[in-house]
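Presented below is the structure to which this report refers.
Protein chains in written order, with the working numbering: chain A, 32 to 282; chain B, 97 to 525.
Put into structure tokens, the structure is as follows:
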């Protein structure tokens, strides 16, 4: 997270860490329902070397190749409220395109759900599509400025950017922003997600219901925090139906 | 002379007809026609010497046992009778005609010319003799007749009386009514009816004659025609007949045979009896606490069955097995097949654990019996109950925890989402 601030303990109890068995974190995620993690699809397969990136040619991470930690705050040191959870199975979005990051969303089913408490709580699914200009909070353990990893979970508060503005900005870089994506950040850059934050939550407060809900998950971007380089996130509302079909979760 | 005639018709004339007949002669014609016919005789010409009471010349018509007519002279007077246009009919299939002339005949008498023919006897209309007439229906045909019977009856081998097939009446119910066939109409003739009352050992059958009792009898001889006999075990009661019904009979047996026999005559209305089988009485029963006995009777006897059931929320407990109802039977030795079971309050047992929730008992010492209440609640604030139900479950009469919305399904605690205990101050400017 570039230009972020440390997260206050217990204010983002849905944030999950995806880490290798050696404890090395590699992505973020969000707890959904009692035993599901929403994250980015590109977190869960080996880095590509061939052009053929259709779903069934991706080499998925095996459930035993990573674990999920919730209730986490510090990046590498253990926390008193963290719960380490094993993975039962992984579902990539059926229309995920590893080349273009379309539908870059995946679901991880946990073998056992965590114990919910003040530090572990699921995020709600959005009831409405995201609003341009709405303030959202993105959190993660990814790189900060000067490529250094943070000691603790960091967060930024940024606005959602108009889809067309974002699409045109990326068109100059020959990048395609599609309808299943959301952009957020400031035009002049500054606050942004970065490598290692992928899959992490973009949330906003639904004032009507007094609930935080998941707007998007960190997906991709060019550089981190540069001018006209918005962060691109996978739109959860766009894929809500698929998420509910797979998980059966409703708010 | 004797002439035997067997034709169905014929002519008979005096000797020498139409010349005068000789004196001092006697001629008999015996006419026989088949059964079912009679003979009709009539004269076309008649001219005999007349005499007081036809003592000289005459024609005599007779059957085996009676003189039908004696004719003489030319016309009928108060002492002589000529046939004129009269027809003489024989009662049966035989007629004998005798012509006699005495020794002196001053005048010339030309005698007679007679004709005869067989005519059918309509046994159906003529037969007075009850002994021989048809019992139900009579069908006359030329030369005879036959009988038939009403629906449900069978023509007896005597081809006259109608009997019924009534030898396989079996009664197995504990009570019943038995009557003679077609009661209260006259019972059929020539019938041998057998009514069997067959019950399980342990029952005692008692008989009671009712209403009309009318079986053909005889003033001196005991029931020589029709009668009813009752066989119960080794005992045989009867024969009964006449118009006075026998007294109520307690046969002391579980198997009784009633034999009713009728001969081929008589028009009597028969009889009707009701029977009841009772068994040994069993002791009075007390319903279990929280239960009831059905049917509730002052006394119970052999084969009576009762159903024990419990009030709502209680189950019948027998040999540690719970059931909804329990049946008992009064046995033939006057004991009950079982002891009265008890009624055990339905117990829903310890309620199932609720994932991410807890159960609390709303009644003293965590009762789990009928009507007890428990309350499921989810671990707040992290979980909340799906469907926003009360979580209150009541132990139902079927021994199942029931919720008014979910029925017997357990509630579900869903994670509460998006409402962290610690809230940040939004830094948005």
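Every residue, glycine too, gets a C-beta built ideally from N, C-alpha and C.
Using a beta-carbon distance cut-off of less than 9 Å, what residues from the segment 148–162 of chain A approach chain B? 148, 149, 150, 151, 152, 153, 154, 155, 156
If contacts are defined as beta-carbon pairs under 8 Å, then residue 131 (chain B) and residue 189 (chain B) qualify, I think. What distance do you get, rounded to the angstrom? 6 Å
Inter-residue Cα distance where the pair is residue 160 (chain B) and residue 276 (chain B): 43 Å
Give a yes or no on whether 7 Å exceeds the smallest Cβ distance from residue 65 (chain A) to chain B. yes
Counting only beta-carbon separations shorter than 7 Å, does residue 516 (chain B) have a partner in chain A? yes
Enclosing beta strand (DSSP E) for residue 199 (chain A) [first to last residue]: No beta strand (DSSP E) holds residue 199 (chain A); the alpha helix (DSSP H) holding it covers 194–202.
Mind listing which residues of the segment 239–258 of chain A have their C-beta closer than 7 Å to chain B's C-betas, in chain order? 241, 242, 243, 244
With residue 258 (chain B) and residue 246 (chain B) assumed to form a contact (beta carbons below 8 Å), what rounded beta-carbon distance in angstroms separates them? 7 Å
Between the segment 39–54 of chain A and chain B, which residues of the former have CB atoms less than 9 Å from a CB of the latter, in chain order? 39, 40, 41, 42, 43, 44, 45
Neighbourhood of residue 414 (chain B) by C-beta distance below 7 Å, restricted to the same chain and skipping five residues each side: 422, 437
Considering only the alpha carbon of each residue, which of B:312, B:424, B:192 lies closest to residue 124 (chain B)? B:192
Suppose the cutoff is 6 Å on Cβ atoms and the five residues either side in sequence are ignored; what does the same chain contact list for residue 112 (chain A) look like? 102, 150
Contact belief for residue 123 (chain A) with residue 200 (chain A) at Cβ below 8 Å, rounded distance in angstroms: About 28 Å separates the two Cβ atoms, so there is no contact after all.
With respect to the beta strand (DSSP E) encompassing residue 136 (chain B), which residues constitute its N-terminal and C-terminal limits? 133–143
Considering only heavy atoms of the ligand ATP, does any lie closer than 6 Å to the CB of residue 415 (chain B)? Only the bare structure without any ligand can be found here, which leaves the ligand ATP out of the picture.
Helix, strand or coil: which one does DSSP assign to residue 221 (chain B)? helix
Quick check on residue 107 (chain B): does DSSP put it in helix, strand or coil? strand
Can you list, in chain order, the residues of its chain with a C-beta nearer than 6 Å to that of residue 259 (chain A)? Leave out the 5 residues immediately preceding and following it. 200
Would you say residue 156 (chain A) and residue 282 (chain A) are within 7 Å of each other, going by their C-beta atoms? yes
Can the beta-carbon of residue 147 (chain A) be found less than 7 Å from the beta-carbon of residue 478 (chain B)? yes
Measure from the alpha carbon of residue 38 (chain A) to the alpha carbon of each residue in A:63, A:187, A:58, A:268, then state which is nearest. A:187
Check the Cβ of residue 282 (chain A) against every Cβ in chain B and list those closer than 7 Å, keeping chain order. 513
Let me check understanding here. Comparing Cα to Cα, which of A:91, A:276, A:254, A:228 lies closest to residue 49 (chain A)? A:228
Paired residues, beta bridge with residue 164 (chain A) - DSSP: In the DSSP output, where bridge partners are listed per residue, residue 164 (chain A) has none listed.
Please tell me whether residue 520 (chain B) has its Cβ less than 7 Å away from any Cβ of chain A. yes
Residues of the segment 469–488 of chain B with a CB closer than 8 Å to any CB of chain A: list them in chain order, please. 475, 478, 479
Whose C-alpha, out of B:362, B:309, B:217, B:184, is nearest the C-alpha of residue 162 (chain B)? B:184
CB residue 58 (chain A) to CB residue 252 (chain A), shorter than 7 Å? no
Decide if residue 417 (chain B) is buried, meaning its Cβ has at least 16 other Cβ atoms within 10 Å, or exposed. exposed
Burial state of residue 266 (chain B) (16 or more Cβ within 10 Å): exposed
Looking at the unbroken beta strand (DSSP E) that takes in residue 67 (chain A), where does it start and where does it end? 67–70
Report the start-end ranges of each beta strand (DSSP E) in the segment 278–342 of chain B that is 3 residues or longer and not cut off at the edges. 288–294, 299–310, 323–328, 331–336
If you count every other CB in all the chains shown that lies within 10 Å of the CB of residue 32 (chain A), and 16 or more means buried, which is it? buried
Would you give the residue range spanned by the alpha helix (DSSP H) that residue 438 (chain B) belongs to? Careful: residue 438 (chain B) lies outside any alpha helix (DSSP H), inside the beta strand (DSSP E) at 438–441.
So is residue 204 (chain A) buried or exposed if we call it buried at 16+ other beta carbons inside 10 Å? exposed
Length of the line joining the Cα atoms of residue 344 (chain B) and residue 367 (chain B): 14 Å
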